[in-house]
Amino acid sequence: MSASTPTRGTAPVGLSKGEARTYASYARPAWQRWLLTRETAVILLLAVVFVWATSSVPNFDGPLTLYYLFLDLMPILLIALPMTLVIITGEIDLSVASTVVLTSAVTGLLTVDAGWGFGQAALVAIAVGALCGLFNGFLVGYVGLPSLAVTIGTLALYRGIAVGLLGTEAKTGFPEEWTDRVKERIGETSYPQVLVVFGVLAVVFVLLLHFSGFGRGVYEIGLNDEAARFSGVDVARTKLLLFVLAGAVSGLAGVYYTLRYDLARGDAANGLELQVIAAVLLGGVSIFGGRGALHGVVAGVLLIGVISSAMRLQGETENVTTIVIGLLLIASVVTPSLLSWVSGRLPAGVKGASARSRRT
Amino acid sequence: MKFNSRRTTALVALTLAASTALTACGGGDGDGGSGDSAETITFLPKNLGNPYFDASSTGGENAVDAFGGTFEEVGPTNATPDAQVPFINTAAQQGVGALVISANDPTALGDALEEARDAGVKVVTFDSDVDAEYRDLFVNQATPEGIAEAQVDLVAEQIGGEGEVAILSAAANATNQNAWIDLMEEYAASEYPDIDIVETVYGDDDDQTSFDKTAALLQSHPDLKGIISPTTVGIAAAARYLSTSQYKGQVALTGLGTPNQMREYLEDGTVTAFALWNPEELGYLAAYAAHALIEGDITGEEGDTFEAGDLGEYTVGANGEVVLGEPTVFTVDNVGDFDF
Numbered sequence: 047m048s049a050s051t052p053t054r055g056t057a058p059v060g061l062s063k064g065e066a067r068t069y070a071s072y073a074r075p076a077w078q079r080w081l082l083t084r085e086t087a088v089i090l091l092l093a094v095v096f097v098w099a100t101s102s103v104p105n106f107d108g109p110l111t112l113y114y115l116f117l118d119l120m121p122i123l124l125i126a127l128p129m130t131l132v133i134i135t136g137e138i139d140l141s142v143a144s145t146v147v148l149t150s151a152v153t154g155l156l157t158v159d160a161g162w163g164f165g166q167a168a169l170v171a172i173a174v175g176a177l178c179g180l181f182n183g184f185l186v187g188y189v190g191l192p193s194l195a196v197t198i199g200t201l202a203l204y205r206g207i208a209v210g211l212l213g214t215e216a217k218t219g220f221p222e223e224w225t226d227r228v229k230e231r232i233g234e235t236s237y238p239q240v241l242v243v244f245g246v247l248a249v250v251f252v253l254l255l256h257f258s259g260f261g262r263g264v265y266e267i268g269l270n271d272e273a274a275r276f277s278g279v280d281v282a283r284t285k286l287l288l289f290v291l292a293g294a295v296s297g298l299a300g301v302y303y304t305l306r307y308d309l310a311r312g313d314a315a316n317g318l319e320l321q322v323i324a325a326v327l328l329g330g331v332s333i334f335g336g337r338g339a340l341h342g343v344v345a346g347v348l349l350i351g352v353i354s355s356a357m358r359l360q361g362e363t364e365n366v367t368t369i370v371i372g373l374l375l376i377a378s379v380v381t382p383s384l385l386s387w388v389s390g391r392l393p394a395g396v397k398g399a400s401a402r403s404r405r406t
Numbered sequence: 039m040k041f042n043s044r045r046t047t048a049l050v051a052l053t054l055a056a057s058t059a060l061t062a063c064g065g066g067d068g069d070g071g072s073g074d075s076a077e078t079i080t081f082l083p084k085n086l087g088n089p090y091f092d093a094s095s096t097g098g099e100n101a102v103d104a105f106g107g108t109f110e111e112v113g114p115t116n117a118t119p120d121a122q123v124p125f126i127n128t129a130a131q132q133g134v135g136a137l138v139i140s141a142n143d144p145t146a147l148g149d150a151l152e153e154a155r156d157a158g159v160k161v162v163t164f165d166s167d168v169d170a171e172y173r174d175l176f177v178n179q180a181t182p183e184g185i186a187e188a189q190v191d192l193v194a195e196q197i198g199g200e201g202e203v204a205i206l207s208a209a210a211n212a213t214n215q216n217a218w219i220d221l222m223e224e225y226a227a228s229e230y231p232d233i234d235i236v237e238t239v240y241g242d243d244d245d246q247t248s249f250d251k252t253a254a255l256l257q258s259h260p261d262l263k264g265i266i267s268p269t270t271v272g273i274a275a276a277a278r279y280l281s282t283s284q285y286k287g288q289v290a291l292t293g294l295g296t297p298n299q300m301r302e303y304l305e306d307g308t309v310t311a312f313a314l315w316n317p318e319e320l321g322y323l324a325a326y327a328a329h330a331l332i333e334g335d336i337t338g339e340e341g342d343t344f345e346a347g348d349l350g351e352y353t354v355g356a357n358g359e360v361v362l363g364e365p366t367v368f369t370v371d372n373v374g375d376f377d378f
């Protein structure tokens with residue numbers, strides 16, 4: 047341990063888990079540090095799968111594929127952004143799909159039943175989403191309850207409220223100018239315009255996580271929240287904010303869901319929370335917190351989307367797709383630990399020895 | 039500079055694993071494609087793993103084999119409209135000849151179906167329709183009036199034309215169920231004034247929920263004479279409850295059920311008669327209707343006629359509907375003739 051103790055005062059925070067920054071990792075030139083990462087591996091795999099699908103899956107190269115791919119993935123892409131931050135702090139939010147359904151129900155009730163303009167209804171829905179997140183975040187950050195338990199509770203609660211509000215009906219018949227807007231393409235391309243909304247949000251989240259003090263706090267909490275607290279990070283407030291963000295973005299996804307399917311129904315978005323979490327983990331974020339990056343997550347979401355789309359085109363059933371994605375997820379989680387276990391056993395030079403000592 | 043051996047190994051291993059997996063998939067894909075997609079007919083039931091839709095798909099496949107096309111069946115695990123949309127999109131991408139679908143929502147699938155039709159796919163709905171503007175044809179199992187009246191007649195006959203009757207339905211927002219229930223109430227009020235429909239409960243097409251709701255019905259209505267369950271899951275669960283309770287033989291049960299589910303309850307006397315159309319024939323007719331659309335024999339206009347193999351000739355009615363026929367009534371005498 048002493049060999050890698052850095053001189054800067056705040057850095058020991060980073061050393062309590064395996065992925066901490068060490069001299070060993072800085073011993074490599076910058077391009078290696080940037081390229082030889084799990085994120086790069088996922089992006090590479092995405093590229094390989096995409097090339098394979100384009101060349102050997104019938105109709106994958108058609109003009110509709112990317113368009114539908116992005117429309118289908120949009121809720122996952124959106125929610126994956128705040129979910130990444132939540133998971134990097136070592137927490138989890140299982141209530142996002144229920145928030146989507148609840149905000150979709152609110153949009154439906156306000157627009158279809160109460161006759162509100164859709165724009166106002168959408169803003170209220172996003173606010174309701176933020177409120178859902180606030181409740182989660184308060185219980186996790188300030189009361190100190192485990193997020194797994196809290197959000198399993200609110201998973202049932204928010205969907206329950208949505209079903210209660212909607213009763214036995216499905217709300218439909220949303221204003222056409224809005225439902226059409228969601229499906230519009232950028233010019234003549236295969237890309238739907240909603241990608242712009244995602245792009246803007248993605249930039250905001252990248253700045254927040256990777257280029258701000260708040261983002262550094264997020265990583266520190268994930269590595270060791272006690273140490274983060276001592277080094278001046280407001281742990282409770284950070285967690286609260288992240289859950290509020292997750293709720294608000296889920297609210298936005300709920301509005302999107304309502305428009306995309308012209309429908310508010312209590313049984314929508316079934317299992318969406320697990321798809322989001324699977325994509326985030328596949329993208330290289332550690333479920334234990336402390337590591338991960340947004341470009342990997344976006345690649346993870348796209349990878350899942352391309353695989354599902356290609357397998358549907360090949361006529362595979364959903365179960366087979368789920369199995370493939372599940373195996374991929376397990377492989378991506380297990381491979382790093384397996385390899386470090388193997389390399390720890392191999393006879394190694396000076397560098398290997400220092401790596402071993404770091405893990406003890 | 040030295041490589042970090044761990045990272046490099048990880049990357050190499052991952053790439054190798056990926057490329058192995060991909061080569062394996064790529065090798066097998068020659069026969070996985072949809073072939074001549076103009077002749078492909080894709081069945082999209084509400085969900086997979088449902089015996090009712092297994093039967094309709096069997097019928098569809100038989101028909102497609104008979105006229106020499108390619109049959110495909112796809113579908114979601116959960117019977118929700120948002121889960122069906124990606125499959126409709128996929129059919130549009132593949133440019134299949136026709137999509138034969140049982141819709142989980144009458145309007146929510148509209149845009150996706152329109153896009154598929156823009157891509158040249160003929161859309162035939164069966165079992166559960168969408169709004170008429172979104173499809174070419176609807177193959178209806180029976181008219182809602184026919185279904186409602188058959189069930190009310192059955193229960194009236196079994197309870198002697200008077201007394202309290204309750205309804206055990208599927209989900210509270212199931213379109214077809216609710217339409218039938220309204221018609222049953224109307225028909226009972228006009229034809230059997232002594233029959234009182236006291237309550238409608240919802241078992242959500244879940245076996246345990248339907249079982250519990252049956253028990254609750256019998257508790258809360260001690261004078262109940264009969265139960266109508268217009269859903270195959272509901273009637274089987276209700277029969278299972280009745281067959282082991284004190285109400286066996288006292289409370290009549292009828293509705294829509296499949297022969298295989300209900301056989302034992304007919305034989306042990308819990309149930310005397312129930313009705314259903316034959317889902318295999320429904321799928322068979324839907325496939326032939328799709329074929330006639332692809333071939334250009336019909337366009338879905340009222341009055342168009344087409345041949346449906348063993349079932350004979352059918353005529354398209356108002357609103358682009360083709361009706362399979364009257365529901366079949368199953369009793370202990372004829373149940374042995376059916377297997378679905």
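Here the protein sequences come in this chain order: A and B.
So the working numbering is basically just the index in the first sequence, starting at one, shifted up by 46.
So the working numbering is basically just the index in the second sequence, starting at one, shifted up by 38.
Positions of the beta carbon are idealized from the N, C-alpha and C atoms, including for glycine.
Kindly indicate which residue of the options has the alpha-carbon position closest to the one of residue i.
{"i": "B/Asp244", "options": "B/Glu237, B/Asp377, B/Ala210", "result": "B/Ala210"}
{"i": "A/Val289", "options": "A/Ile232, A/Thr145, A/Leu305", "result": "The displayed chain sequence assigns Phe, not Val, to residue 289 of chain A. When only C-alpha atoms are compared, the closest one is A/Thr145."}
{"i": "A/Lys217", "options": "A/Ile122, A/Thr235, A/Ala310", "result": "A/Ala310"}
{"i": "B/Ala190", "options": "B/Ile219, B/Thr213, B/Tyr172, B/Ala130", "result": "Residue identity check: residue 190 of chain B is Val in the sequence provided, not Ala. For B/Val190, the nearest C-alpha among the options comes from B/Ile219."}
{"i": "A/Leu127", "options": "A/Ile323, A/Val174, A/Gln166", "result": "A/Ile323"}
{"i": "A/Thr225", "options": "B/Ala150, B/Thr296, B/Tyr352, B/Val354", "result": "B/Ala150"}
So, using beta-carbon positions, are residue i and residue j closer together than 8 Å?
{"i": "B/Glu110", "j": "A/Gly361", "result": "yes"}
{"i": "B/Ala141", "j": "B/Val168", "result": "yes"}
{"i": "A/Arg205", "j": "A/Val132", "result": "no"}
{"i": "B/Ile273", "j": "B/Phe312", "result": "yes"}
{"i": "B/Ala308", "j": "B/Ala328", "result": "The displayed chain sequence assigns Thr, not Ala, to residue 308 of chain B. Result no, Cβ atoms of B/Thr308 and B/Ala328 do not sit closer than 8 Å."}
{"i": "A/Gly351", "j": "A/Leu115", "result": "yes"}
{"i": "A/Asp139", "j": "A/Met129", "result": "yes"}
{"i": "B/Ser207", "j": "B/Tyr240", "result": "yes"}
{"i": "A/Ala292", "j": "A/Val142", "result": "yes"}
{"i": "A/Gly268", "j": "A/Gly336", "result": "yes"}
{"i": "A/Tyr113", "j": "A/Arg306", "result": "no"}
{"i": "B/Val367", "j": "B/Ala188", "result": "yes"}
{"i": "A/Ile172", "j": "A/Val301", "result": "yes"}
{"i": "B/Gly107", "j": "B/Phe125", "result": "no"}
{"i": "A/Ala208", "j": "A/Ala151", "result": "yes"}
Could you give the DSSP three-state label for residue i: helix, strand or coil?
{"i": "B/Phe109", "result": "strand"}
{"i": "A/Trp387", "result": "helix"}
{"i": "B/Thr118", "result": "coil"}
{"i": "B/Ser72", "result": "Residue confidence for B/Ser72 is low, a pLDDT of 40 falling below 50, so the modelled location carries little weight and cannot support an answer."}
{"i": "A/Gly395", "result": "Its pLDDT being 47, under 50, A/Gly395 is placed unreliably in this model, and the coordinates cannot settle the point."}
{"i": "A/Leu262", "result": "In the sequence as displayed, the identity of residue 262 of chain A is Arg instead of Leu. Of the three classes helix, strand and coil, the one that applies to A/Arg262 here is helix, per DSSP."}
{"i": "B/Thr78", "result": "strand"}
{"i": "B/Ala62", "result": "Note that B/Ala62 scores a pLDDT of 40, beneath 50, so its modelled location is shaky; the value from the coordinates is reported in the next line. Note: B/Ala62 maps to helix in three-state DSSP."}
{"i": "B/Gly264", "result": "strand"}
{"i": "B/Gly158", "result": "coil"}
{"i": "B/Asp67", "result": "Residue placement at B/Asp67 is flagged as unreliable, the pLDDT there being 35, under the threshold of 50; a coordinate-derived value is accordingly withheld."}
{"i": "A/Val242", "result": "helix"}
{"i": "A/Lys217", "result": "strand"}
{"i": "B/Gly358", "result": "helix"}
{"i": "B/Val203", "result": "strand"}
{"i": "A/Val279", "result": "coil"}
Would you grab the beta carbon distance between residue i and residue j for me? Rounded to a whole angstrom, and I think it's under 8 Å.
{"i": "B/Val177", "j": "B/Leu320", "result": "7 Å"}
{"i": "A/Val95", "j": "A/Ile353", "result": "6 Å"}
{"i": "A/Val88", "j": "A/Leu349", "result": "6 Å"}
{"i": "B/Ala324", "j": "B/Gly98", "result": "6 Å"}
Measuring only between beta-carbons, confirm whether residue i sits less than 8 Å from chain E.
{"i": "A/Thr157", "result": "The structure shown contains no chain E; its protein chains are A and B."}
Could you list the residues in the segment 110-129 of chain A with a C-beta less than 7 Å from some C-beta on chain B, going in chain order? Residues Leu110, Thr111, Tyr114, Asp118.
Along the segment 293-324 of chain A, what residues have a CB closer than 9 Å to any CB found in chain B? Within the segment 293-324 of chain A, the residues whose Cβ lies closer than 9 Å to some Cβ of chain B are Tyr303, Arg306, Tyr307, Asp308, Leu309, Arg311, Gly312, Asp313, Ala314, Ala315, Asn316, Gly317, listed in chain order.
Give me the subset of the segment 253-282 of chain A whose CB atoms are less than 7 Å from a CB atom of chain B, sorted by chain position. Along the segment 253-282 of chain A, none of the residues has a CB nearer than 7 Å to a CB of chain B.
For the segment 104-126 of chain B, list every residue whose C-beta sits within 9 Å of some C-beta in chain A, in sequence order. Those residues of the segment 104-126 of chain B that come within reach of chain A (Cβ to Cβ, closer than 9 Å) are Glu110, Glu111, Val112, Gly113, Pro114, Thr115, Asn116, Ala117, Thr118, Pro119, Asp120, Ala121, Val123, Pro124, Phe125.
So if I threshold CB-CB distances at 7 Å, which residues from the segment 195-216 of chain B count as touching chain A? For the segment 195-216 of chain B, which is checked against every Cβ of chain A, the residues closer than 7 Å are Ala210, Asn211.
Which residues, in order along the segment 344-360 of chain A, keep a beta-carbon less than 8 Å from a beta-carbon of chain B? Residues Ser354, Ser355, Arg358, Leu359, Gln360.
Residues from the segment 221-244 of chain A in contact with chain B, defined by Cβ distance under 8 Å: The segment 221-244 of chain A vs chain B, Cβ under 8 Å: Thr225, Lys229.
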